[in-house]
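Chemist: Mind the numbering: the sequence shown is residues -30 to -1, 1 to 540 in mature numbering (1 follows the signal peptide of the UniProt record, and there is no 0), read in order.
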Amino acid sequence: MKTGRLIRGLLPWRPLLGALALLCAFELQAAAQPQHIAIASAHPAATVAGQETLALGGNAFDAAVAISAALAVVEPYGSGLGGGGFFLLREAEESPTYRFLDARERAPQAAHADLYRVDGEIRKDLSLNGALAAAIPGLPAALVELAERFGRLPLRDSLAPAIRLASSGVSIDRVYRERAGWRIEAMRQDVETARIFLDKGEIPEEFGLLRQPELARTLEQLGSQGRPGFYAGEVAEQLVKAIKDAGGIWTLKDLADYRIVERQPLRVSLSQGRELISAPPPSAGGIALGQSLLMLQQLPWQTTDRVQRTHLIVEVLRRAYRDRGLLGDPDFVHNPTQHLLAPAHLNQLVSSIDPQRATPSDNLPPSNTWHEGDHTTHFSVLDTEGNAVAATLSVNLPFGAAFTAPGTGVLLNNEMDDFAADAQGSNAYGLRGSQANSIAAGKRPLSSMSPSFIESTEDFASFGTPGGSRIPSMVLLAMLEYLDHQPIERWPSVSRYHHQFRPDLIEHEPDTFSPAEISALEALGHQLKSTGRQYGNQQVLLWNKQGGKVEAASDPRGLGTAVVTPVVPQ
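(1) Can you give me the Cβ contacts of Gly178 inside the same chain, cut-off strictly under 6 Å, excluding the 5 residues immediately before and after it?
(2) What number of angstroms, rounded off, separates the C-alpha of Ala523 from the C-alpha of Met449?
(3) From what residue to what residue does the beta strand (DSSP E) around Ile458 run?
(4) Indicate whether Leu475 and Gln497 have their beta-carbon atoms separated by less than 8 Å.
(5) Which residue comes first and which comes last in the alpha helix (DSSP H) that contains Arg279?
(6) Classify Arg414 as buried or exposed, calling it buried when 16 or more other Cβ atoms lie within 10 Å of its own Cβ.
(7) Do Trp513 and Pro4 have their CB atoms nearer than 8 Å?
(8) What residue range does the beta strand (DSSP E) around Trp513 cover?
(9) Where does the unbroken alpha helix (DSSP H) through Arg134 begin, and where does it stop?
(10) Please report the residue range of the alpha helix (DSSP H) in which His309 lies.
(11) Are the beta-carbon atoms of Ala112 and Ala73 separated by less than 8 Å?
(12) Please state the DSSP three-state secondary structure of Asp324.
(13) Which same chain residues end up closer than 8 Å to Gly55 when comparing Cβ atoms and leaving out the 5 residues on each side of it in sequence?
(14) Within a Cβ cutoff of 6 Å, which residues of the same chain sit near Ala375, ignoring the five residues on either side of it in sequence?
(15) Which of the three DSSP states is assigned to Ile154 in this structure?
(16) Report the rounded CA-to-CA distance for Gln182 versus Leu71, giving the unit in angstroms.
(17) Output needed for Thr67: all residues of its chain with C-beta closer than 7 Å, excluding positions within five of it in sequence on either side, in chain order.
(18) Determine the direct distance from the alpha carbon of Asn384 to that of Ser408, and round the result to whole angstroms.
(19) Could you pull the DSSP bridge partners for residue 571 from this structure?
(20) Exposed or buried, which one is Ser426 when buried takes at least 16 other CB atoms within 10 Å?
(21) Kindly give me the distance between the Cβ atoms of Gly495 and Arg327, rounded to whole angstroms, as I take these residues to be in contact under 8 Å.
(22) By how many angstroms is the C-alpha of Ile133 removed from the C-alpha of Leu310?
(23) Determine, for Tyr47, whether the minimum Cβ-Cβ distance to residues of chain B falls below 8 Å.
(24) In three-state terms, what does DSSP make of Arg472?
(25) In whole angstroms, what is the alpha-carbon distance linking Ala103 and Glu115?
(26) If you drop the 5 nearest sequence neighbours on each side, which residues of the same chain put their C-beta closer than 7 Å to that of Leu447?
(27) Would DSSP call Ser396 helix, strand or coil?
(28) Tell me, please, which residues DSSP counts as bridged to Asp169.
(29) Since residue 561 is in the alpha helix (DSSP H), which residue starts that stretch and which ends it?
(30) Counting C-beta neighbours from all protein chains within 10 Å, is the total for Val18 16 or more, i.e. buried, or is it exposed?
(31) What separation, rounded to the nearest whole angstrom, lies between the Cα atoms of Asp95 and Ser65?
(32) Smallest Cα separation from Ile458: which of Gln509, Pro485, Gly438 and Glu492?
(33) Three-state secondary structure (DSSP) at Tyr467?
(34) By how many angstroms is the C-alpha of Glu91 removed from the C-alpha of Ala358?
(35) Rounded to whole angstroms, what is the Cα-Cα separation between Gly171 and Gly528?
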């Protein structure tokens, strides 16, 4: 009877207990959402453009449009409407959806394997400078795709900050002057490029004003017309005429036929319930990251001294970079992704690592090497719903092909140089990789760009950097800081070193290693070479799902800014 009275006494409280349980569940769910927006980009003006767009009611995808377009204006040496890139998306749902937008440039339809062969010899200058070096741009199509499929704001609203920057002008900074110095001779060769981006043929003074009214008009047409504002009509005709007049091979059909390709992101299960979400081919970077992380899981990289840790990381990079020569545009060649990430293959690679001795690259089965421009840009953005974008954008070398189409303000890429120009296999390290990344009509060149997420039930992190072939090693070092539970400020600032199979040496930033560490690494059989300068420009963010706390960090090597702020609607 006593028990019965107790039960009967509790019965009226059941609705209240249920309500309390629902309230607690709601509070837990609310706490799991990001408490603030987070943006990390390579330029303060681009970060502000993203904030402004979110404040207008846009989401992370609208902000990605604004940031990309702003970077196209303020960093003409790193990205632009004349280039392309990769966009990794996270759509916030109960179970998040990941998407990968391939906005990589495509070879024109008249391109062929011997495009840069003259009198039997490869002419590298033709793939680096001028009209023949430019592939069909993908960034304008990506901005339209993001706005129309994923955004909330009209495209013209998200492009407004970039249009304002192009019209009013932006200040010339030290990075602009440095990059222009590297490419000044090529820039002088094109009248329109020299007129816009140089000052009477010389590098502009710091704090001078770069105004781009023609680019502002092109952005306005893109904003009002969408795809036809760039890939058809007046702008397309101006682009094709300029290219043909300068000896290039573009056609109006090349522009009209360009499409974004949505590919399945590369997803790799890691230990402790984490998952790597990264770039699939035609990026070689995501696979290199997946291989490196999975190999390191079998090695004691966290419990050894710095020299041994460096040795192990270098050895997994050596093997991952060896494999990248097998990859190419998945619309043209088969990529052995499953094999490269299979436990049997990775176990074999790990078993070949000697913990006390460097493995000479000559002792590993050969694969192809390829060159890639290293001056791109990257940003990461997260909104308060959990939508996120990590994007790496490029025009290849600084200021691309150093060729600007008159009347458009569009500085064109030289991404054709990312193909293996010599399809006949004169490359010293093997034919198969050359064939996989050889030039072909409509093909996209291989890239190292690696926008990436790591996600678990506990947190979500975003990574990415410019840097050409060094991108995977830079992103890996940042990820290892994250996995080692280091504060986010360390992820992009950690001292960098790199190994890419060929050449067989550790490249490193100045002061990365002490003299004693260099001697110890040399004793293990490694060769080391300082780059003489710092490199890369990583942009990262972290969302702690348990409390909703958000953090972001921008590489101290660059001019970028990282912000974590509440959204204040305008």
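All C-beta atoms, glycine included, are put in the ideal place defined by N, C-alpha and C.
Modeler: Quick look at the numbers:
(1) Working through the sequence shown from its first residue, we reach residue 178 at position 208. Closer than 6 Å at Cβ, skipping near neighbours: Ile142.
(2) Here the question's residue 523 lines up with position 553 in the sequence shown. Here the question's residue 449 lines up with position 479 in the sequence shown. The straight-line gap from Cα to Cα measures roughly 13 Å.
(3) Residue 458 sits at position 488 when you count from the first residue of the sequence shown. That residue, Ile458, is in no beta strand (DSSP E); it is neither H nor E in DSSP.
(4) In the sequence shown, the residue the question calls residue 475 occupies position 505. In the sequence shown, the residue the question calls residue 497 occupies position 527. Going by beta carbons, Leu475 and Gln497 fall inside the 8 Å limit.
(5) Numbered from 1 along the sequence shown, position 309 holds the residue referred to as residue 279. Segment Arg276 to Asp293, the alpha helix (DSSP H) holding Arg279.
(6) Counted from its first residue, the sequence shown places residue 414 at position 444. Classification for Arg414: buried.
(7) Counting from 1 along the sequence shown, the entry for residue 513 is found at position 543. Counting from 1 along the sequence shown, the entry for residue 4 is found at position 34. Their beta carbons are under 8 Å apart, which means Trp513 touches Pro4 by this criterion.
(8) Translated into positions along the sequence shown, residue 513 becomes position 543. Run containing Trp513: Gln509 to Asn514, per the beta strand (DSSP E) assignment.
(9) Position 164 of the sequence shown, counted from the first residue, corresponds to residue 134. Its alpha helix (DSSP H) spans residues Leu125 to Ser138.
(10) Mapped onto the sequence shown, residue 309 falls at position 339. Segment Thr307 to Leu311, the alpha helix (DSSP H) holding His309.
(11) Here the question's residue 112 lines up with position 142 in the sequence shown. Here the question's residue 73 lines up with position 103 in the sequence shown. Taking C-beta atoms as the reference points, Ala112 and Ala73 count as a pair closer than 8 Å.
(12) Your numbering for residue 324 matches position 354 in the sequence shown. Of the three classes helix, strand and coil, the one that applies to Asp324 here is strand, per DSSP.
(13) Here residue 55 corresponds to residue number 85 of the sequence shown, with the count starting at 1. Result list for Gly55: Ser38, Ser49, Ala73, Arg74, Gly108, Leu109, Ala112, Thr346, Ala361, Thr362, Leu363, Ser364 and Met419, in chain order.
(14) Residue numbering aside, residue 375 sits at position 405 when the sequence shown is read from its first letter. Cβ within range, chain order: Gln208, Leu209 and Ala212.
(15) As a first step, residue 154 must be located in the sequence shown, where it is residue number 184. When secondary structure is reduced to three states using DSSP, Ile154 falls in the helix class.
(16) Indexing the sequence shown from 1 puts residue 182 at position 212. Indexing the sequence shown from 1 puts residue 71 at position 101. Cα-Cα distance, rounded: 28 Å.
(17) The residue given as residue 67 occupies position 97 in the sequence shown. Only Glu61 meet the Cβ criterion.
(18) Your numbering for residue 408 matches position 438 in the sequence shown. Your numbering for residue 384 matches position 414 in the sequence shown. In this structure, the alpha-carbon of Ser408 lies about 15 Å from that of Asn384.
(19) Here the chain covers residues -30 to 540 and nothing more, so residue 571 does not appear.
(20) As a first step, residue 426 must be located in the sequence shown, where it is residue number 456. Label assigned to Ser426: exposed.
(21) Residue mapping note: residue 495 aligns to position 525 of the sequence shown, counting from 1. Residue mapping note: residue 327 aligns to position 357 of the sequence shown, counting from 1. Right, their Cβ atoms sit about 5 Å apart.
(22) To locate residue 310, count along the sequence shown from 1; it is residue 340. To locate residue 133, count along the sequence shown from 1; it is residue 163. So the alpha carbons of these two residues sit roughly 44 Å apart.
(23) This model lacks chain B altogether; it includes just one protein chain.
(24) In the sequence shown, the residue the question calls residue 472 occupies position 502. Three-state result, Arg472: coil.
(25) Start at 1 with the first residue of the sequence shown, and residue 103 comes out as number 133. Start at 1 with the first residue of the sequence shown, and residue 115 comes out as number 145. Glu115 has its alpha-carbon roughly 26 Å from the corresponding atom of Ala103.
(26) The residue you call residue 447 lines up with position 477 of the sequence shown. So the qualifying residues of the chain are Val464 and Arg466.
(27) Residue mapping note: residue 396 aligns to position 426 of the sequence shown, counting from 1. Caution applies to Ser396, whose pLDDT of 32 falls short of 50 and renders its modelled position unreliable; the model cannot decide the point.
(28) Translated into the one-based positions of the sequence shown, residue 169 becomes position 199. In the DSSP assignment, Asp169 is bridged to Glu172.
(29) Only positions -30 to 540 of the chain appear in the structure, and residue 561 is not among them; the question remains open.
(30) Taking the first residue of the sequence shown as 1, we reach residue 18 at position 48. Its Cβ being crowded by 16 or more others within 10 Å, Val18 is buried.
(31) Position 125 of the sequence shown, counted from the first residue, corresponds to residue 95. Position 95 of the sequence shown, counted from the first residue, corresponds to residue 65. So the two alpha carbons sit approximately 49 Å from each other.
(32) In the sequence shown, the residue the question calls residue 458 occupies position 488. Considering only Gln509, Pro485, Gly438 and Glu492, the residue with the shortest C-alpha distance to Ile458 is Gln509.
(33) For the purposes of this step, residue 467 is taken as the residue at position 497 of the sequence shown. Correct three-state label for Tyr467: strand.
(34) Your numbering for residue 358 matches position 388 in the sequence shown. Your numbering for residue 91 matches position 121 in the sequence shown. Those two C-alpha atoms are separated by around 46 Å.
(35) For this step, residue 171 is matched to residue 201 along the sequence shown. For this step, residue 528 is matched to residue 558 along the sequence shown. Straight-line measurement puts the Cα of Gly528 at about 26 Å from the Cα of Gly171.
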